[in-house]
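Sequential numbering from 13 applies to the sequence shown in the working numbering.
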Amino acid sequence: MDPAAPDFDDMSTPLPVNWQLRFIHNQLFKYFQFPSRFCPGPFHSTFTRKAQFRSRQHEKDYFTHCEEVVQKWRNEGVKPLNNGGWDINGDRLKEPNEDGYNSGLYLFADRNNITHYFKPNFLPPYDTPEKKDVILSFLQEEWDEDALAWRPVCSTVEKALQLLRRSSKLTIF
């Protein structure tokens, strides 16, 4: 199983699950320099509210299918998200990347208006010491939604100890 938090001391350990999301998130927050006051989580996106499954069996079937799809994606490995590169105005890129990684990162003002496009510039493999060093440098901090400030990421052991320290301050009757 992949770790939940990066091991900053041992470069040979695998990266956390979904490290790419935190990697992009932290870079964007630093690039635009705005607090996530209205962002309830770094990966938050509301698709629906108050949805329920028809039955426990439907729920089980759904998540079984999700697991199969995710496993298929992992087996296929990294691949471009589209077969071309698209500029902010929707036209094909004048200078697409030769290796085929033209997806990049698009930021939208709304569903029709692209405001920023970042070309892909950090391509696989991600297991070299140089690339792991770059990745870990961006994963060392996380955004504190309450303080609206950056804080160092601590290990899962440290997080567990913090929870224990907080719970020991509670008075139990």
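In this text, a Cβ means the ideal position worked out from N, Cα and C, and glycines have one as well.
Just so it is clear, the structure is predicted and the values come from calculations on it, not from any experiment.
- Excluding its 5 nearest sequence neighbours in each direction, N38 has C-beta neighbours in its own chain below 8 Å: F150, L151, E153, E154 and W155, listed in chain order.
- For E80, the uninterrupted alpha helix (DSSP H) segment begins and ends at R68 to E88.
- Counted as a single uninterrupted DSSP element, the alpha helix (DSSP H) harbouring R34 occupies residues W31 to F44.
- Annotation for L117: the continuous beta strand (DSSP E) segment containing it runs L117 to D122.
- Distance check between Q32 and each of R163, I126, G116 and A172 places G116 closest, using alpha-carbon atoms only.
- In the DSSP secondary-structure assignment, E153 is bridged to P164.
- Rounded to the nearest whole angstrom, the CA to CA distance from F41 to D158 is 16 Å.
- Around L148, the same chain offers P18 and F20 as residues with beta carbons nearer than 7 Å, after the five sequence neighbours per side are excluded.
- In this structure, DSSP gives R104 an extended state, which the three-state scheme calls strand.
- According to DSSP, N125 shares a beta bridge with D122.
- By the C-beta density criterion, G89 is exposed, having fewer than 16 other C-beta atoms within 10 angstroms.
- Contact annotation: N109 and P132 have beta-carbon atoms nearer than 8 Å.
- Apart from sequence neighbours up to five positions away, the residues of its chain that approach F134 with a beta-carbon distance below 8 Å are K143 and V146, ordered along the chain.
- Of the residues assessed, L27 falls on the buried side of the cut-off, its CB having 16 or more other CB atoms within 10 angstroms.
- One Cα belongs to E80, the other to H70, and the distance between them is close to 15 Å.
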